[in-house]
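Peer 1: My questions will all concern the structure given below.
Here is the structure:
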């Protein structure tokens, strides 16, 4: 028995009542058992932590745990919030400028005057000259039926992705659309989240997919084969819609019935 004690180190964990020093519970283990129990406890804690992270809402706090569509929505919300903050600052500067003018205490070199000058440049309290009024009338007459000037405002905060992952060449068509040359038979994907509103198949067997996006944007993908989606289905950003029939397809972007140049809204590399 003495030889066994020399070869194996023993450890004992005692729980003693403080007042009476009576032993309530005692655990006696060898060094091997201590290692095994410690390993089991660590493994159990790691497994419990993995279960919590994998099957509870806490996993959303981890980096790169959001889906592509949810990440784009958060980014869109952040951009909109930044735009609202900027608009609020401009409005505050404009109101402060009006108050200062009415009180006749606007400093000559203050930051308030510099901020107000930026706002007044587009909405001045001063009377416009005849040449300025003539320019405004001519501009309004030219842009009266041009709805495309509103498209950048509607697209603020929206991030459009490329309709294909490997774009080799783009060619602008007379209809403002793009002929996109790619590798052969690659997936064509939605440029933004939305809903499939129509799918048309021509006599040549090639299909056209039309997707409705927020803020009255519509994207059109023509010359596809093997369409993956169905009419009425919701799609997320970068979700596959179909394959290119060869090495090219046609892409169009519209807003409120006006054809847009996709290259003004999408970066093609």
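Residue numbers (our numbering): 322 to 590.
Built from N, CA and C at the ideal position, the CB exists for glycine as well.
Is the number of C-beta pairs between the region 491-499 and the region 511-522 that are closer than 8 Å three or more?
Peer 2: no
Peer 1: May I ask you to report which of helix, strand or coil DSSP gives residue 547?
Peer 2: coil
Peer 1: Suppose contacts are defined by Cβ-Cβ distances below 8 Å. Is residue 563 in contact with residue 546 by that definition?
Peer 2: Yes, Cβ-Cβ distance for residue 563 and residue 546 is below 8 Å.
Peer 1: Helix, strand or coil for residue 570? Go by DSSP, reduced to three states.
Peer 2: strand
Peer 1: What span of residues does the alpha helix (DSSP H) with residue 374 cover, start to end?
Peer 2: 352-376
Peer 1: Quick check on residue 371: buried or exposed, where buried means 16 or more other Cβ atoms within 10 Å of its Cβ?
Peer 2: exposed
Peer 1: Measuring straight from C-alpha to C-alpha, what distance separates residue 653 and residue 409?
Peer 2: In this structure the chain extends from 322 to 590, so residue 653 is not present and cannot be described.
Peer 1: At the level of alpha carbons, what is the spacing between residue 503 and residue 357?
Peer 2: 58 Å
Peer 1: Which residues in the same chain have their Cβ closer than 6 Å to the Cβ of residue 498, if we skip the five residues on either side of it in sequence?
Peer 2: Counting only Cβ-Cβ distances below 6 Å, and skipping sequence neighbours, we find 571, 573.
Peer 1: Could you give the distance in angstroms between the alpha-carbon of residue 439 and the alpha-carbon of residue 589?
Peer 2: Any answer about residue 439 is weak, because its pLDDT of 48 lies below 50 and its placement is not dependable; what the coordinates show is given next. So the two alpha carbons sit approximately 34 Å from each other.
Peer 1: Rounding to the nearest angstrom, what Cα-Cα distance links residue 540 and residue 478 in this structure?
Peer 2: Cα to Cα, residue 540 sits roughly 17 Å from residue 478.
Peer 1: Looking only at its own chain, which residues have a Cβ that is under 7 Å from the Cβ of residue 404, when we skip the five neighbours before and after it?
Peer 2: Within the same chain, Cβ atoms closer than 7 Å to the Cβ of residue 404 are found at 477, 478, the five residues on either side in sequence being excluded.
Peer 1: Throw me the rounded Cβ distance for the residue 559 and residue 482 pair, which I believe falls under 8 Å.
Peer 2: 6 Å
Peer 1: Taking the straight line between their C-alpha atoms, what separation do you get for residue 500 and residue 367?
Peer 2: Their backbone Cα atoms lie some 53 Å apart in a straight line.
Peer 1: Going by the beta-carbon positions, is the gap between residue 534 and residue 515 smaller than 8 Å?
Peer 2: yes
Peer 1: Should residue 376 go down as buried or exposed, given a rule of 16 or more other Cβ atoms within 10 Å for buried?
Peer 2: exposed
Peer 1: Compute the distance between the beta-carbons of residue 530 and residue 512, then report whether it is under 8 Å.
Peer 2: no
Peer 1: With the cut-off set at 8 Å, would you say residue 532 and residue 556 are in Cβ contact?
Peer 2: yes
Peer 1: Flag this pair as yes or no: are the beta carbons of residue 362 and residue 332 separated by less than 8 Å?
Peer 2: Not a contact, by the Cβ cut-off of 8 Å.
Peer 1: Do you know how far the Cα of residue 421 is from the Cα of residue 583?
Peer 2: 45 Å
Peer 1: Which term fits residue 565, buried or exposed, when burial requires 16 or more other beta carbons within 10 angstroms of its beta carbon?
Peer 2: Residue 565 is buried by the Cβ-count criterion.
Peer 1: Is DSSP giving residue 334 helix, strand or coil here?
Peer 2: strand
Peer 1: Would you report the Cα separation of residue 360 and residue 337, rounded to the nearest angstrom?
Peer 2: 26 Å
Peer 1: Taking the DSSP output, what are the residues bridged to residue 495?
Peer 2: Paired residue(s): none; residue 495 is not in a bridge.
Peer 1: Are the C-beta of residue 537 and some C-beta of chain B separated by less than 8 Å?
Peer 2: The displayed structure is made up of one protein chain only, and chain B is not part of it.
Peer 1: What number of angstroms, rounded off, separates the C-alpha of residue 330 from the C-alpha of residue 395?
Peer 2: 58 Å
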